[in-house]
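Position one of the sequence shown corresponds to residue 40 (this note's numbering), numbered consecutively onward. Glycine included, C-beta positions come from ideal geometry on N, C-alpha and C. All values reported here derive from a predicted model rather than from experimental measurement.
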Amino acid sequence: MAEKIRVMVVDDEPDIVKIVQISLELANYEIIEAYSGEECLEKLEKDRPPELILLDIMMPGISGYETCEKIRGNDKYKDVKIVMLTAKGQKGDAEEGLKAGADDYIIKPFD
């Protein structure tokens, strides 16, 4: 049996993590939960990296932008796709996320 695609969901709001987790598990993805940028970085070091990280921008501690930059600064994660997942919808926010190394940007709430 093929390995499931791994997705890390990083958001400081447990309800958002749960909604995304349930949706993706129903589609047969393996989910890794993290509730801060720091936890995301710690989990990346402990296990094989996910194929995709859904990363909130506005979090306590280090922001999603900083987390993204730290991930992109490590060659070991060069193939990991990063999608910023955030309630911030200003055009400049999308540009800043892409500049930090994100591959795409999704605005909450989402369907």
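DSSP-derived helix/strand/coil call for residue i
{"i": "residue 104", "result": "helix"}
{"i": "residue 138", "result": "helix"}
{"i": "residue 143", "result": "strand"}
Exposure label - residue i; buried when at least 16 CB within 10 Å
{"i": "residue 124", "result": "buried"}
{"i": "residue 83", "result": "buried"}
{"i": "residue 121", "result": "buried"}
{"i": "residue 76", "result": "buried"}
{"i": "residue 131", "result": "exposed"}
Residues bridged to residue i [DSSP beta-bridge criterion]
{"i": "residue 30", "result": "Outside the displayed range of the chain (40 to 150) lies residue 30, so it cannot be described from this structure."}
Please go through the region 47-110 and give each complete beta strand (DSSP E) segment of 3 or more residues, from N-terminal end onward.
Listed in chain order, the complete beta strand (DSSP E) runs (minimum 3 residues) inside the region 47-110 are 69-73, 91-94.
Using 8 Å as the threshold, is the region 88-96 in touch with the region 48-67, meaning 3 or more CB pairs across them?
Touching, per the Cβ criterion.
Taking 8 Å as the cut-off, does the region 99-107 touch the region 135-149 (at least 3 CB pairs, one atom from each stretch)?
Taking 8 Å as the limit for Cβ pairs, the verdict is that the region 99-107 does touch the region 135-149.
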